[in-house]
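Student: Next up is a structure, given as structure tokens.
Numbering (this note's numbering), first residue to last: 2 to 449.
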């Protein structure tokens, strides 16, 4: 078997081995013991290729702690790679600094990385992320963070994600760690061209999960003369501030960067989003806004004072899981902010009355609202004519299953929804992909 493997081209062998999971490679080829293997052992070369395959095109973590479930690269194996000039090709390397506010331990680890290994790591990949794991509810010194990561800026490194998480239950080693942030991200939110700011770190995506609005605002100081100013905010295009207990007034103290394209404020404590406390006028490039799972009762963003040529880019709005009773204020007077909106999620609110939606919408989710007068309120102007997907399950619209076909026909003809491809109602799905004429409705209703 070994002779057959040796006959394969090295790259093909590594590619083949990469189909095994990292833990399978480690156990099958004894990668933990490889550090102490005899160079004269003919099996050593295969084991080295298995080590290469363990990291090939995968997200790799380097940390001052040991976590289960991570494809980690420790310093001993890194030294081994350097010694034998093995250039692995990971998709991304993430530095996960555990118990970051224990500055002596975390700073020492990162100082070793910066001094001896950072330049070599750059040969592996040009995509890096940083996660700071906090186990104590204490403020972080932004100046110290800046000084620690200064080598990244000086050497033109690109920081993909910068994440700060407060995990109070992670006080011991060998923790089960949520690696979600380091997995593949939707390509729609990944930016190919990184913008360099001479006064700050080259960061395109930021996630802060601190469970405290005060701690969050501490990281976002906008005074450039302050040692604790937000040195990584200027070039951000993705921000995730979910789970920070943000309140309405807190938004007034956050100046979101103008280059922002994706903003996640879900799972906070927001109630009233108005012009005076949520200034969206500067976010011309924003494409995705997620404010789901708050307590929002009113979202009224007025653009009447703006020139009509303001071209906002917002395409996806998620307002699910809030306390909205209607959505009329969102779209009245041709709101410029929603001019290019193609998808809206209003599921799990308290909406009981229909009103007109913007004409460009392709996807509308109204699941879990109280639309008992849905049929009576249809007037031919509620839904856009080019709508492709409509979700109206669990809205108390049709009680008897035998009434579904009649209801669907009425909806299609009354609102001229002849381009509709997907209709979900009461857990069922109606597929209109084969629809050809008004006289024939090939309804395929599946009730779950």
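Ideal Cβ placement from N, Cα and C applies to all residues, glycine included. For clarity, every value in this text was computed on a predicted model and none was experimentally measured.
(1) Which two residues bound the contiguous beta strand (DSSP E) that contains residue 297?
(2) Taking the alpha-carbon of residue 141 as reference, which of 127, 126, 110 and 102 has the nearest alpha-carbon?
(3) Nearest CA to the CA of residue 301: which residue from 337, 372 and 275?
(4) Can you tell me which of the three DSSP states residue 287 falls into?
(5) Give the straight-line distance between the Cα atoms of residue 286 and residue 108, rounded to the nearest whole angstrom.
(6) Is residue 38 helix, strand or coil when you go by DSSP?
(7) Do residue 361 and residue 343 come within 8 Å of each other at the CB atom, strictly closer than that value?
(8) Look at the alpha carbon of residue 297 and the alpha carbon of residue 130, and state the distance between them as a whole number of angstroms.
(9) Between the Cα of residue 356 and those of 338, 348, 331 and 349, spot the shortest distance and give me the residue it belongs to.
(10) Quick one, which of 119, 422, 83 and 78 has its alpha-carbon nearest residue 96's?
(11) Considering only residues of the stretch 382-423, which uninterrupted beta strand (DSSP E) runs meet the minimum length of 3 residues and lie entirely inside it, listed in chain order?
(12) Which residue or residues does DSSP assign as beta-bridge partners of residue 206?
(13) Starting from the Cα of residue 392, find the closest Cα among 381, 378, 372 and 380 and give me that residue.
(14) What residue from 367, 128, 153 and 418 has the CA that sits closest to residue 161's CA?
(15) Can you tell me the Cα-Cα spacing of residue 42 and residue 57, whole angstroms?
(16) Could you compute how far the alpha carbon of residue 321 sits from the alpha carbon of residue 264?
(17) When the Cα atoms are used, what is the spatial distance from residue 346 to residue 19?
(18) Buried or exposed for residue 237, please, with buried defined as at least 16 other CB atoms from any protein chain shown within 10 angstroms of its CB.
Tutor: Answer, in terms of the structure:
(1) Run containing residue 297: none; DSSP gives neither H nor E here.
(2) Minimum Cα distance to residue 141 is reached at 102.
(3) Ranking 337, 372 and 275 by Cα distance to residue 301 puts 275 first.
(4) DSSP places residue 287 in coil when its eight states are reduced to three.
(5) Looking at the two C-alpha atoms, the distance is approximately 36 Å.
(6) Residue state for residue 38 is assigned as coil, using DSSP reduced to three classes.
(7) Taking a C-beta distance under 8 Å as the contact criterion, residue 343 and residue 361 qualify as a contact pair.
(8) The straight-line gap from Cα to Cα measures roughly 33 Å.
(9) That would be 331, whose Cα lies nearest to the Cα of residue 356.
(10) Comparing Cα positions, the closest option is 119.
(11) Those beta strand (DSSP E) runs which fall completely within the stretch 382-423 and span 3+ residues are 390-392.
(12) Residue 206 pairs with 162 and 239.
(13) Sorting 381, 378, 372 and 380 by C-alpha distance to the C-alpha of residue 392 places 372 at the top.
(14) Nearest C-alpha to residue 161: 128.
(15) Cα to Cα, residue 42 sits roughly 24 Å from residue 57.
(16) Rounded to the nearest angstrom, the two C-alpha atoms are 15 Å apart.
(17) Looking at the backbone, the Cα of residue 346 and that of residue 19 are separated by about 39 Å.
(18) Counting Cβ neighbours within 10 Å, residue 237 comes out buried, since at least 16 surround it.
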